[in-house]
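Residue numbers (our numbering), protein chains in the order written: chain L, 1 to 757; chain E, 758 to 1514.
There are 2 protein chains.
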Amino acid sequence: MGEVALGGGDLFLVSMVAVIALLALAVAGGLVREVLAAGQGTPRMQQIALAVQEGASAYLKRQFRTVGVFVVLIPLLLLLLPAEGAGVRIGRSVFFVLGALFSGITGFAGMWLAVRGNVRVAAAARDAGERTAMRIAFRTGGVAGMFTVGLGLFGAALVVLVYRGDAPVVLEGFGFGAALLAMFMRVGGGIFTKAADVGADLVGKVEQGIPEDDPRNAATIADNVGDNVGDCAGMAADLFESYAVMLVAALILGGAAFGAQGMVFSLLVPMIGVVTAVIGIFAVTPRARDRSGMTAINRGFFLAAAISAVAVAVAAFLYLPSTFAELDGGVRVDADPRLVAIGAVLTGIVLAGAIQLLTGYFTETNRKPVQEVTQSARTGPATVILSGVALGLESAVYSTLLIAGAIYGAFLLGSGNTTVALFAVALAGTGLLTTVGVIVSMDTFGPVSDNAQGIAEMSGDVNGEAAAVLERLDAVGNTTKAITKGIAIATAVLAATALFGSFRTTVEAALEEASGDAQRAIGAAFLDFNLSVDQPNVLIGLLVGASVVFLFSGLAIMAVGRSAGRVVVEVREQFRTKPGIMDFSERPDYDRVVDLCTRDAQRELITPGLLAILTPIAVGFAFGYAPLGAFLAGAIAAGALMAVFLANSGGAWDNAKKVVEDGSLGGKGSEAHAATVIGDTVGDPFKDTAGPAINPLIKVMNLVSLLIAPAVVAAAGDAVLRAGVTIVVVAVLVAAVVASRHRGAATGAPLPRATRR
Amino acid sequence: MGEVALGGGDLFLVSMVAVIALLALAVAGGLVREVLAAGQGTPRMQQIALAVQEGASAYLKRQFRTVGVFVVLIPLLLLLLPAEGAGVRIGRSVFFVLGALFSGITGFAGMWLAVRGNVRVAAAARDAGERTAMRIAFRTGGVAGMFTVGLGLFGAALVVLVYRGDAPVVLEGFGFGAALLAMFMRVGGGIFTKAADVGADLVGKVEQGIPEDDPRNAATIADNVGDNVGDCAGMAADLFESYAVMLVAALILGGAAFGAQGMVFSLLVPMIGVVTAVIGIFAVTPRARDRSGMTAINRGFFLAAAISAVAVAVAAFLYLPSTFAELDGGVRVDADPRLVAIGAVLTGIVLAGAIQLLTGYFTETNRKPVQEVTQSARTGPATVILSGVALGLESAVYSTLLIAGAIYGAFLLGSGNTTVALFAVALAGTGLLTTVGVIVSMDTFGPVSDNAQGIAEMSGDVNGEAAAVLERLDAVGNTTKAITKGIAIATAVLAATALFGSFRTTVEAALEEASGDAQRAIGAAFLDFNLSVDQPNVLIGLLVGASVVFLFSGLAIMAVGRSAGRVVVEVREQFRTKPGIMDFSERPDYDRVVDLCTRDAQRELITPGLLAILTPIAVGFAFGYAPLGAFLAGAIAAGALMAVFLANSGGAWDNAKKVVEDGSLGGKGSEAHAATVIGDTVGDPFKDTAGPAINPLIKVMNLVSLLIAPAVVAAAGDAVLRAGVTIVVVAVLVAAVVASRHRGAATGAPLPRATRR
C-alpha cells in the first residue's frame, strides 16, 4: 500500500485536522480552568480530597513504572520484526512509544481532574444546587473526552503527515502502543478498584463495625482512589485506544480502497466528531425543566450525533468524487464513493444509538429485565444470580447481533469488493466514535459523582437535599457507565473486523516473498490467503482464540479475590500497630494500602497481559498464519459476547440492589436486600474488571498478530525456529499461570467470616 | 461419494458387525433379568418406587407425544430437500425416524430399568451389603450402555448394508433423527428435573417445614422422577446420539478417505468397543480390597480402554493394507493407512483418559480447586459464586485445549491431505467412544444411587451402615456424571469438526451444479469452497453461531426458574384442596405435578429447540453457505467452552457443598453451608440443564446445515426465495423468544420468601 500518494491539497487538509485536534486540547484546558475555579467546600472535605489525590498519584507513579518496562522493551523487539525500510521500522517503534504515551496522558489527565472535580461537585451540591453540581461533573468528564479525541486525532494526523504512503505500518505501532497501555490500565485499574472495595468492606464494615467511607479505615481512601483508577484512568485510556485503533484501521483501509481521499476522509470524520463533541459537551447544561440529569446528557449525545451525521454527509459531497475512477488510487468499483462513505458512517452512528437504547433497556432500574432480577430476590440470592446470568447471556446476544447487523450493512455497501467492504466497516467504526467525546464525558461523570458522594459522606458536611442531589447524579452515572462499555466493545469488533483487511494484505505480501522452503511448509492450499475454518488446523486456531477470552476473564476474576484478601491483612495490621486510629489520634497510612493495591494490581496484571501478547505468537509460530487469523476471529466472537454478558449482568445486579434500597421488597436490611447485595458483589469484578478489559485485549491480540504476520509466514519452512519460539512462549505462559495460582495459595490469609450487611 | 463399492467380503464383515450389535442387546436383556431378580425391600419402599415408576411413565407418554409431531413432520420436510435419487431421499427420511426411535428407545430402556433398579439397590444396601448394591447399580447402568452401543452400531451397519455407496446421505438422516430427539430429551429432562427439585424444596422445606423426600409433598415424586428423566433418559439418548453421529461422520469420511475399507473399519472400531464394553461392565465387580467404588469403576474403564487399543491395532494390521494404493477407492497419500488408523483411534482413547483426569482434578472433593471454592465460603456466597465461575472458565479452557490438541494430532496424521485428516478426526472420535458402553453405565450409576438414597430416606426403612453405603455410592455417582459430560462435549467437537468434510463435499457438488444466476450471486471468490473468516459476511456467521450458544444457555436457565415457580403454585394448591395430606389421610396427586413438570418442560423446550433447527436455516438463506459454515465453527468454539464451563462450575459447587456437609467450616447449618447451598442452587441449571444440552445442540445445528446446504447453494441467485425463507424463519424465532418471555410474566405467581436452610 506504499503507492498511496498524498497531494498538496490533501496534506493541507491533514494539517487542518491536526490543528483542530490541538484546538480540542485547548478546549480541555478551558474546561480545566472552569472546573478548578469552582469552590472546594469545607476544610474537612478538602482534606479527604487531598488524601484521594495523594493515593491517585501514588498509583500512577507505580503504574507507569511497571508499564515503562514494556514501553522500553517492546519498541526494541519491534525493530527486529520485518517491515519495508529502516525508516518505517524505526517510525513504528517511535510511534509505539507515542501511542503508549498518549494513552497514558489521556488516562492521567482524566484522573487528575477527576480527583479535583469530585470535591468541587460535592461543594457545589452543598452551596450552589443540582444544576451547578451536574455542570461541574460533566465538564470534568469533558476534559477526558477532549484529551481522547484530541490526542488520538493529532497522533494519527501526525503519522500521515510524516510518513504519507508508508503511514499504515507506522500506524500499527501507534495503535499497538495505545492498546497495550490501555489494556494494562484497564486490567490494573479494574483489579485495584475491586480489591480495595471488597477489602475495605470486609475489614471496616464487618470486623470493626465502622461505616463505609469512614476516614479511620486505611482502605477507604484506596476505595475512593479505585473509582478514579478504574473508571476514570482505565476507561479514558481504553476509549483513547479504541479511537486510535479505529483510526489506524480506517487509514490503512481508506488508502487501499479510496486511495489518498480515503485516508484524508478517515481523518475528516473524526475531525467533525471533535467539533460536534465540543458542541455536545457544552449542550449538556442542565435546564430547569429537565426530568433528570439523563435528559441533559441525552440532549448532548443526540445533538452531537445528529450534527455529525449532517456534517459528514456535507463533507462527503464536498470532498469525495462521484465515481471510484476519479479517486487518486484505491480500487475500481461501480458505485458512488460518496454514498458508500455516508452510508457507512451513518451505520456507525445508528449503531451507537441502538446500543445505547438496548443497554438502557437491560440495565435501567425502571425496565422489565432489572425488575425481574429484583423480583427474583424473593427466593434468595441463588435466583438473583441465575436471573442475572440469564439476562446477561441474552442481552449479549442481542448486542452482538446489532454489531453483526452493522457489519453486514457495511459489507453490502462494499458492492462485492472486500477492500471497500472492510473500509466501510472501518468508517462505520469512525461513525460510532464521532460521539466518543461526549461518551467519555458521560462515563467520567460516573466516578466523579460517586467520589463526590463519598467525600460528602466522609466529611459529614453535606446533608439533606444536597446529599439527595449527589445520589441522583450517581444513579445517572451508573447508566452512562453501562452504555460506554457497550459502545467500547462494538468498536473492538468493528476495528478487529476491519483489521482483517490489513492482516490479509500483510500475509499476502509475505506469501509472495516466502522462500521455497516456507512455501512447501505452508502447502499449496494456503498459498492463496485463506482462513477457511473447515480445515482442522484453522479450526484449532478458532478454539484457542475463544479460549483466551474465557481464560483471561477467569484470571481477572480470580485476581480480584486474591488481592482483596491481601488488603484485609494490611488494614488489620494497621489497626493493630496504630491503636490511636480508632479514636482519631493517629492517621492511618492511606498510602500503604494504595501502594499495596497498586503493587498487587501490577503484579496480577502480568499474567493476563502476557496471555494477550504471547498467545498470538504461540498460535502463529506453532500452527501458521491461517490458524492465527482464525484465532483472531474466535477471540472477536467470544470476546464480544463475554464482554457484554459480564457488563450487563453486573449492571443489572447493581441496579436491582438500588431498586431494593429505594424501598422495594422491604428495602435496606431486608432478606431481599441481602440477596441483591450478593448479586452486586458477584457483578463487581464482572462489570468493572474482567468485562471492560476484553475490549483492549482483542485489540492487543489483533495488533500483535498483524505485527508478527510476516515473520510467521517467513518462518513456515523453519521447523526448528518455529518449535523454539513455540516452546519458549508456551513455557513462559504456563509459568505465569502457575505462578498466579501459587500466589493465591501463599498469601491465603484467613478471611473474616462475612455477616449480613 | 457414491462411487464407494463394497465387495462381498466387506458386506460379510458389516453383517458380522450387525450381529455383534444385536448380541449387545442380548447382553442388555441378561442384565435386565439379573437386576429384576434382586429383592425389592419393604412394602413401603416398593410403594415409593411404584410412584416414581408411575411418574416416569407419565413423563415418557407426554414427551413422546410432543416429540412425535417433529418425528412425523421433519421426514416430510426432508423429502423436499434435494438429494441424489428418490430412493436415497426416502431412505434418509425413513432412517431419520429410525434414528429418533432408537434414541428414544435407548432413553426409555435406560430409564425403565433405572426406576426399577433404584429400589433394588436400596434393598441390597439394606440386606446384602455394599458390594451387591454397587453391582446392581452398575448393572442397571450397563443396560443403558448396551442399548446405546447396540442400537447405534446396528443402525449404522443396517444403513451400510442397505444403501452401500449411497449410505452417507441416508446416514445424515439417521444422525439427525438421533440428535434431534436427544436434544429434546436433554433439554426437556433438564428443565423437568431442576424445576421439580427447586419447586419441591421451596414449598416442602421452606413453607411447610417437612423434610426433603417426604411422601406428603406432591412434588417429591416429581423430584425423584426428575433424576431419572434428566440424568438417565436424557443422558442415555444424548450419548446414543453422540455415538450415532460420530459413526455417521466416520462412515462418510471413511469412504472418502480410505474407500470401502474406510467404511468397514469405521464399524470395526465400535464393534471392538462393544465387546470390550461388555468386558468392562462385567469387570466392575467390586472386590473386598477396593478403596472405593471409584476403584472398581476405573478398573472397568481402563481395562476396556486398554483392550480396545490393542484390539484396534490388531484389526488394523489384519484388515487394512500397508499403502493407500491398495485401498478400494479413497485418496492416494504417501503413508501407511494402518498407522494412520491406529494413531487416530489411540488419540481418541488417550483423549478420553485425559478428560477423565482433568475433570476429576477440577471437580473432585479432595483436590485443590474444589477446596479453594470451599474456603471461599468463609467470606459468604458472593465469593463462592465468583471462585466457582473462575474455576469453570479456567477448566473449560484446558478441556478445550485438550480437544484441540487431539484434533491437531489427527490433523498431522493426515499427512497434508484434508480428507485423510478429517477421517483421522472422526476415527479419534470413534476411539473416544470405544469406552462409551462403560461410560453410560458409569453415568446411569449416578441417578440410580441418588434415587436409591431417596427411597431409603422416604421409607425410613434403611438406616445405619446401609444408609452410609448409599451415601458413598451417591458420591461416586457425582464424579462419574461430571466425567461423562466432559466426554460428551468432546465427541460433539470431534464429530462437528469431521462433519465439515461432508459439508465441504456437499457444497462443492452443489456449487458445480449451481445455475448461472446462483453462481453470480455467490461471487467469484466463493465458487471455490471457502469459509475464510476474514470476509465480513463470513465473520458475521461466526458471531451468530457463538451467539446461539449464549442465547440457548440463557433461555434454558430462565426456563428452569419459570417452571419451578409453577410447581410451587401446584403443590400449594394441593395442600389447600386436600387438607388430609398433612396427616397422611389423603394421598397427594403425584401425577399432577409430574404431568405439570412434563408439560412445562415440553413447552419450555420449544424455543431452544426451534433455535437449534431454525437458526442455521436463517443464516444459510440470508447470508449463504460460507457464513453458514462459519456459523457452525462459532457454535463449536463457544459451545465447547460454555458446556465445560457450566458443567465444571456446577460440579465444583455441588462438591464444595458436600465438603462443608462432611464437617468443614462448621458443617451443616453453618453460614458457610448456607453459602455453598446457594452456590449449588446456582450450579443446578448450569450443570444439569443448560450445559449438557449444548452437546446435542451442536449436532442438530450441524446436521441441519448439512441437509440444507444444497438448497442454500441452489437458492443463492433467487433473492425472493432467500428473503422469504429468512423472514418467515426469523419471524418464527422472534415469536418463540417473545412468547417464552411472556409466559414468564403471565404466570409470575408470587414465590415464597426463602429462609436459610
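The C-beta atom is built at its ideal place from N, Cα and C for all residues, glycine as well.
Would you kindly check if the distance between the Cβ of D680 (chain L) and the Cβ of D654 (chain L) is under 7 Å?
-> Going by C-beta atoms, D654 (chain L) is nearer than 7 Å to D680 (chain L).
Evaluate L830 (chain E) with the Cβ neighbour count: other Cβ atoms within 10 Å of its Cβ, from every protein chain shown; 16 or more gives buried, anything less gives exposed.
-> L830 (chain E) comes out exposed.
Length of the line joining the Cα atoms of D970 (chain E) and E811 (chain E) = Straight-line Cα distance between these residues: approximately 17 Å.
Between the beta-carbon of G1378 (chain E) and the beta-carbon of R1479 (chain E), is there less than 7 Å?
-> In the sequence under discussion, the amino acid at residue 1378 (chain E) is Phe, which differs from the Gly named in the question. Result yes, Cβ atoms of F1378 (chain E) and R1479 (chain E) sit closer than 7 Å.
Compute the Euclidean distance between the alpha carbons of T950 (chain E) and D984 (chain E), then round it to the nearest angstrom.
-> T950 (chain E) and D984 (chain E): Cα-Cα distance of roughly 6 Å.
Which value, in whole angstroms, describes the spacing of the CA atoms of D474 (chain L) and M442 (chain L)?
-> Each residue's alpha carbon lies about 12 Å from the other.
Inter-residue spacing [alpha-carbon to alpha-carbon] between G155 (chain L) and G1474 (chain E) | Within the model, the alpha-carbon separation for G155 (chain L) versus G1474 (chain E) is close to 46 Å.
What in chain E is Cβ-close to R504 (chain L), meaning under 8 Å?
-> Within 8 Å of the CB of R504 (chain L), the CB atoms of chain E belong to D1291, in sequence order along the chain.
Quick check: the region 874-882 of chain E against the region 793-801 of chain E, are there 3 or more CB pairs under 8 Å?
-> Touching, per the Cβ criterion.
For V32 (chain L), which residues of its own chain have a beta-carbon under 8 Å away from its beta-carbon, when the five flanking residues on both sides are left out?
-> Same-chain partners within the cutoff: L113, V143.
Could you check what DSSP says for S515 (chain L) in three-state terms: helix, strand or coil?
-> Of the three classes helix, strand and coil, the one that applies to S515 (chain L) here is coil, per DSSP.
Compile a chain-ordered list of the residues in the region 1304-1322 of chain E whose CB is closer than 7 Å to at least one CB of chain L.
-> Of all residues in the region 1304-1322 of chain E, S1304, F1307, L1308, S1310, G1311, I1314, M1315, G1318 have a Cβ within less than 7 Å of some Cβ in chain L.
At a CB-CB cut-off below 7 Å, which residues of chain E make contact with L795 (chain L)?
-> Absent from the model: residue 795 (chain L). The displayed extent of chain L is 1 to 757, so no value can be given.
Could you give the distance in angstroms between the alpha-carbon of R576 (chain L) and the alpha-carbon of L646 (chain L)?
-> In a straight line, the C-alpha of R576 (chain L) is about 38 Å away from that of L646 (chain L).
Bridge partners of S547 (chain L), per DSSP?
-> For S547 (chain L), which the question treats as bridged, DSSP gives no partner whatsoever.
Proximal residues to G353 (chain L) (C-beta, below 8 Å), its chain only, five neighbours per side dropped | Only F302, A305 meet the Cβ criterion.
Any C-beta of chain L sitting closer than 7 Å to the C-beta of P1467 (chain E)?
-> Taking 7 Å as the CB threshold, P1467 (chain E) stays off the interface with chain L.
For S532 (chain L), which of helix, strand or coil comes out of DSSP?
-> Reduced to three states, the DSSP call for S532 (chain L) is strand.
Would you call the CB atoms of L1170 (chain E) and G1243 (chain E) closer than 7 Å?
-> Contact flag unset, no.
Separation of E130 (chain L) from A496 (chain L), as counted between CA atoms | Here the C-alpha atom of A496 (chain L) lies approximately 41 Å from the C-alpha atom of E130 (chain L).
Cβ neighbours of G1105 (chain E) in the same chain (closer than 8 Å, five flanking residues each side left out) = So the qualifying residues of the chain are A1163, L1184, A1185, G1186, T1187, G1188, L1189, L1190, T1191, L1251.
If S1065 (chain E) and G1030 (chain E) are in contact, beta carbons under 8 Å, what's the gap, nearest whole angstrom?
-> At roughly 6 Å, the Cβ-Cβ gap stays under 8 Å, so S1065 (chain E) and G1030 (chain E) are in contact.
Three-way DSSP call (helix, strand, coil) for S1427 (chain E) in this model = Residue state for S1427 (chain E) is assigned as coil, using DSSP reduced to three classes.
How far does the alpha helix (DSSP H) with C1354 (chain E) in it reach, from first residue to last?
-> DSSP places C1354 (chain E) inside the alpha helix (DSSP H), whose first and last residues are 1347-1380.
Three or more C-beta pairs below 8 Å linking the region 1261-1275 of chain E and the region 358-368 of chain L | Under the Cβ criterion (8 Å, minimum of three pairs), the region 1261-1275 of chain E does not count as touching the region 358-368 of chain L.
CB-CB under 6 Å to L25 (chain L), same chain, minus the five flanking residues each way: which ones, in chain order?
-> Closer than 6 Å at the Cβ level, and outside the excluded window around L25 (chain L), lie G150.
Partner residues on chain L for V917 (chain E), Cβ-Cβ distance less than 9 Å = Near V917 (chain E) there are no residues of chain L at all, since even the closest Cβ is about 25 Å away, more than 9 Å.
Cβ-based contacts, 7 Å cut-off: residues of the region 1415-1448 of chain E near chain L = Flagged, chain order: E1428, I1435, T1438, V1439, P1442.
What do you get for P211 (chain L), buried or exposed, if any count of 16 or more other CB atoms within 10 angstroms of its CB means buried?
-> Counting Cβ neighbours within 10 Å, P211 (chain L) comes out exposed, since fewer than 16 surround it.
Note down, one range per segment and in chain order, each alpha helix (DSSP H) of at least 4 residues found wholly within the region 1447-1510 of chain E.
-> Counting whole runs of 4 or more residues, the region 1447-1510 of chain E contains the alpha helix (DSSP H) stretches 1448-1471, 1476-1503.
What span of residues does the alpha helix (DSSP H) with G1149 (chain E) cover, start to end?
-> Here the alpha helix (DSSP H) through G1149 (chain E) covers 1138-1170.
In chain L, which residues lie less than 7 Å from N1294 (chain E) when you measure between Cβ atoms?
-> Going along chain L in sequence order, the residues near N1294 (chain E) (Cβ under 7 Å) are Y408, F411.
What do you reckon, are the CB atoms on A556 (chain L) and P616 (chain L) nearer than 7 Å?
-> Not in contact: A556 (chain L) and P616 (chain L) (Cβ atoms no closer than 7 Å).
Compute the Euclidean distance between the alpha carbons of K668 (chain L) and V660 (chain L), then round it to the nearest angstrom.
-> Computed Cα separation, rounded: 7 Å.
Secondary structure of E969 (chain E), DSSP reduced to three states = In the three-state reduction of the DSSP assignment, E969 (chain E) falls in the coil class.
Which residue's Cα is closest to the Cα of A1224 (chain E): E:A1476, E:G1391, E:N1208?
-> Checking every option, the nearest Cα to that of A1224 (chain E) belongs to E:N1208.
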